[in-house]
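Enquirer: Residue numbers (this note's numbering), protein chains in the order written: chain A, 12 to 391; chain B, 2 to 79.
Each residue gets a CB set at the ideal place from its N, CA and C atoms; glycine is no exception.
Predicted model, so just to flag it, every value in this text is computed and none were measured.
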Amino acid sequence: MIYLDNAATTMHKPQCVIDAVTGAMGSMGNAGRGANEASLSASRIIYDTRERLCRLFGGSSPKQVAFTCNSTESLNIAIRGLLLPGDHVITTMLEHNSVLRPLYDMEKQGVALTIVKSDKKGLLDISKIEDAVCNRTRMIVCTNGSNLTGNYVDVEAVGRVAKAHGLLFVVDASQTAGVFPIDVEQMNIDVLCFTGHKGLLGPQGTGGLYVREGVSVRPFKCGGTGVQTYNRSQPKEMPTCLEAGTLNGHGIAGLHAALGYLEETGIDHIRAREQELMWKFYEGVKDIPGVTVYGDFSVKERCPIVTLNIGDYDSGEVSDALLTDYGISTRPGGHCAPLMHEALGTVDQGAVRFSFCHYNTDEEVQTAIRAVRELAQEDE
Amino acid sequence: MKKKELKLVVTFHTTADAMAMEKACKEQAIPGRIIPVPRAISAGCGLSWCAELSDREQIVAMMKKTGIEEEEIHECMV
C-alpha cells in the first residue's frame with residue numbers, strides 16, 4: 012500500500028516509538044500515583060516529554076504543557092475554558108470542525124462569532140482579521156495550516172494583531188507541529204493546541220496544549236490528580252489544573268521517543284523532504300487535463316498536502332479507484348473542513364487529498380502521478 | 002519500620018514540580034530522593050523531595066536558580 016493520508020495520521024512511525032510504547036506497557040506504573048519505581052518511571056518520562064515539547068515550541072516552562080487525547084480535546088479546553096458569554100471571538104474559514112464546533116457551541120451560550128472569509132484559493136487576508144476586532148473581542152483562534160489545501164497561515168502575523176489589540180491567541184497546530192518551526196513567544200501564542208499522532212509521529216491518543224504563563228484556563232474536567240487529595244477543587248496549578256485522571260502514559264512514552272527522533276532528524280530536514288515530495292507530485296498532476304488542484308501554490312512554504320478533483324467525479328469514487336486499482340490511500344470527502352469546501356466550491360464533490368510524510372518515496376509519488384493521469388484519461 | 006531521622010522535606014503543588022526537582026538534583030549531583038509526602042506534613046497523596054538537613058542551603062539556592070517552586074519546606078522525622 013502507498014500511504015498518502017499523512018494529514019489524517021502518520022501511519023509509519025519510527026521504530027523507536029513502537030519500542031517505547033511496548034516497553035512502557037511492560038514497565039510503567041501510573042504517573043503521580045505514589046513513589047514506587049513503576050509510578051516514578053511514568054512520572055519521569057511524562058515530565059521529560061513536557062520538557063521536549065516545551066523546547067520544540069519555544070515555551071518558558073515544561074509545567075505549561077498539559078496532555079490531552081488530541082488537538083480536538085485541546086481546542087475544546089482552550090475555547091470553552093477561556094471564553095465567556097458576552098465575549099466576541101474571531102476565527103477563519105480555514106478551520107477544522109475541532110475549532111468550528113466548539114465555537115458554534117459557545118455561540119449558543121452567548122459568545123459572538125466572526126468567521127473571516129478566505130478567497131477561492133483558500134487564502135486568508137490577515138488585515139480582515141484586524142478589521143473584525145471590536146471592543147468585545149477576547150480571542151482570535153486559527154489554524155497554522157489548512158488540513159484541506161495545505162495553505163500555511165502566517166500565525167506570527169496574526170499574533171501581532173492579537174498582541175496589538177490585547178487579545179488571546181489560540182492556535183491549532185494539528186498540521187504543523189513537528190514539521191514547521193513554532194515559537195510561542197515569537198508568534199505571541201497564548202495557547203498552542205497540538206496532536207501527537209500526525210507530524211509529531213507519536214501514537215494516536217496523545218496530544219496536548221501549551222498555555223502561556225499567566226493565562227488561566229478553566230478546567231474542562233476535574234478528578235483524581237495524585238496531589239492535593241483533600242482539596243475539594245481541582246488544583247489550580249499547571250499542568251495538573253488541566254489533567255484529571257490517569258494520563259495516557261504508554262502513549263506519551265511513544266511521543267517521548269518520537270520527539271527524540273524529531274530532535275535527532277531535525278524538523279527542517281523533515282519539512283524539506285516532505286515539501287520536495289509534495290512539489291514533485293504537484294508538478295506532475297497540475298497540468299493533466301481534467302485535473303483541478305486546490306489551494307495556493309504560489310509560495311514555497313506550505314504543508315505537504317495536494318488536494319484535487321478529476322472532472323466532476325465524486326471524490327469518493329476517485330479515492331476508491333486509487334485504492335483498488337493502484338493501492339494508494341488518500342482521503343476524499345469533506346475533511347471536517349466545511350467552510351473551506353464552501354470557499355473552494357467543492358461542497359458537493361468533496362476533494363481527494365494526497366498528503367505526504369518524509370518516509371514516502373519518489374517512486375510512490377511517481378506511481379500516484381501516473382494513477383491520477385490514467386484516471387483522468389478515463390474521464391476524457 | 003526503620004528508625005526515623007530528622008530530614009529536610011520539600012513538598013510541591015504538582016507531580017511535574019516534583020519531577021523537575023528530582024531531575025535538577027540528579028543533574029547537579031545533589032543527594033536526596035522522592036518519597037510520598039509524610040503524614041506529619043499533609044494528609045493525602047503527593048510526592049516530596051527528602052534530603053539531609055545539611056543540604057538545605059544548596060537545595061534552596063538551586064531551586065531559586067532553576068525556578069522550581071515548592072509548596073513548603075519542612076524539617077520532619079522521616
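For the candidate residues A/Q26, A/M12, A/A42 and A/N17, whose alpha-carbon lies nearest to that of A/N259?
Expert: Among A/Q26, A/M12, A/A42 and A/N17, the Cα nearest to that of A/N259 belongs to A/A42.
Enquirer: Report yes or no: is there a C-beta of chain B within less than 7 angstroms of the C-beta of A/K74?
Expert: Taking Cβ atoms only, chain B reaches closer than 7 angstroms to A/K74, which makes this a yes.
Enquirer: Taking only beta carbons into account, state which residues of the segment 34-51 of chain A come closer than 8 angstroms to chain B, listed in chain order.
Expert: Of all residues in the segment 34-51 of chain A, A42, G43, R44, G45, A46 and L51 have a Cβ within less than 8 angstroms of some Cβ in chain B.
Enquirer: With A/G271 as the anchor, note down where its alpha helix (DSSP H) starts and where it stops.
Expert: Run containing A/G271: G260 to T276, per the alpha helix (DSSP H) assignment.
Enquirer: Between the segment 152-165 of chain A and the segment 179-188 of chain A, do three or more beta carbon pairs fall short of 8 angstroms?
Expert: Flag = yes, the segment 152-165 of chain A and the segment 179-188 of chain A touch.
Enquirer: Please tell me whether A/V202 has its Cβ less than 7 angstroms away from any Cβ of chain B.
Expert: By this cut-off, A/V202 is not an interface position.
Enquirer: Alpha carbon to alpha carbon, how far is A/E287 from A/G97?
Expert: In a straight line, the C-alpha of A/E287 is about 46 angstroms away from that of A/G97.
Enquirer: Any idea what DSSP makes of B/H14, helix, strand or coil?
Expert: Here B/H14 sits in coil by DSSP.
Enquirer: On the premise that B/E71 lies in contact with B/M63, defined as a C-beta separation below 8 angstroms, what is that separation, rounded to the nearest angstrom?
Expert: About 11 angstroms; that fails the 8 angstroms criterion.
Enquirer: Any chance you could list the alpha helix (DSSP H) runs of at least 4 consecutive residues sitting entirely within the segment 12-76 of chain B, in chain order?
Expert: Counting only runs of 4 or more, we get 16-28 and 57-67.
Enquirer: A/I29 lies in the alpha helix (DSSP H); which residues open and close that run?
Expert: Start and end: Q26 to M36.
Enquirer: Going along the chain, which residues of its own chain have a beta-carbon closer than 8 angstroms to the beta-carbon of A/R147, five neighbours each way excluded?
Expert: Excluding positions up to five away in sequence, the list reads G97, D98, H99 and A123.
Enquirer: List the endpoints of the continuous alpha helix (DSSP H) containing A/S366.
Expert: Where A/S366 is concerned, there is no enclosing alpha helix (DSSP H), although the beta strand (DSSP E) it sits in stretches over V363 to S366.
Enquirer: Going straight from the alpha carbon of A/G234 to that of A/L203, what length do you get?
Expert: For A/G234 and A/L203, the distance between alpha carbons rounds to 24 angstroms.
Enquirer: Round the Cβ separation of A/V169 and A/I193 to the nearest angstrom and send it over; I've been treating them as touching at under 8 angstroms.
Expert: With a Cβ gap of about 13 angstroms, A/V169 and A/I193 do not count as contacting.
Enquirer: Does the count of Cβ pairs from the segment 60-71 of chain A and the segment 262-277 of chain A closer than 8 angstroms reach three?
Expert: Enough Cβ pairs lie closer than 8 angstroms, so yes.
Enquirer: Three-state secondary structure (DSSP) at A/C65?
Expert: A/C65: helix per DSSP, three-state reduction.
Enquirer: From A/S85 to A/L220, what does the alpha carbon distance come to, in whole angstroms?
Expert: For A/S85 and A/L220, the distance between alpha carbons rounds to 6 angstroms.
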